[in-house]
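Here's the structure, in structure tokens; my notes come after.
Residue numbers (full-length UniProt numbering): 1 to 136.
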């Protein structure tokens, strides 16, 4: 797995843990940085901070485009994969859009249900298509 792939995985772990513990992702991130076992990659920080900064808009977009699925009904892993992927797709110009989709779909396949990769792919591909009209 690439350094960025590991950073995405770590960001997903932090986002998932924060939701499960009903804590701010930034608080969980700060704990991980302080503990530094293993050290937190700079890109993990970028992802967690970005998702947190844009969370209301990210959740609004996911809710709008996840036809037939409310945020509450989605598996928690899928919800957080989509949050990370949506942030990276819409607000981070560092990584090509196809790579963003591929990496987050891979995480969904590795960590969630058999249907999750197709679900995540569909939503992120739609965001790629609509990107100019989605970013405020």
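Glycine included, each C-beta is placed from N, C-alpha and C at the ideal position.
For residue 110, the enclosing alpha helix (DSSP H) covers residues 97 to 111. Pairing residue 5 with residue 47 gives a Cβ-Cβ distance that is not under 8 Å. Note on residue 90: 16 or more other CB atoms within 10 angstroms of its CB, so buried under the neighbour-count rule. Residue 86 has its alpha-carbon roughly 15 Å from the corresponding atom of residue 118. About 15 Å separates the beta carbon of residue 100 from that of residue 61, a gap too long to meet the 8 Å contact definition.
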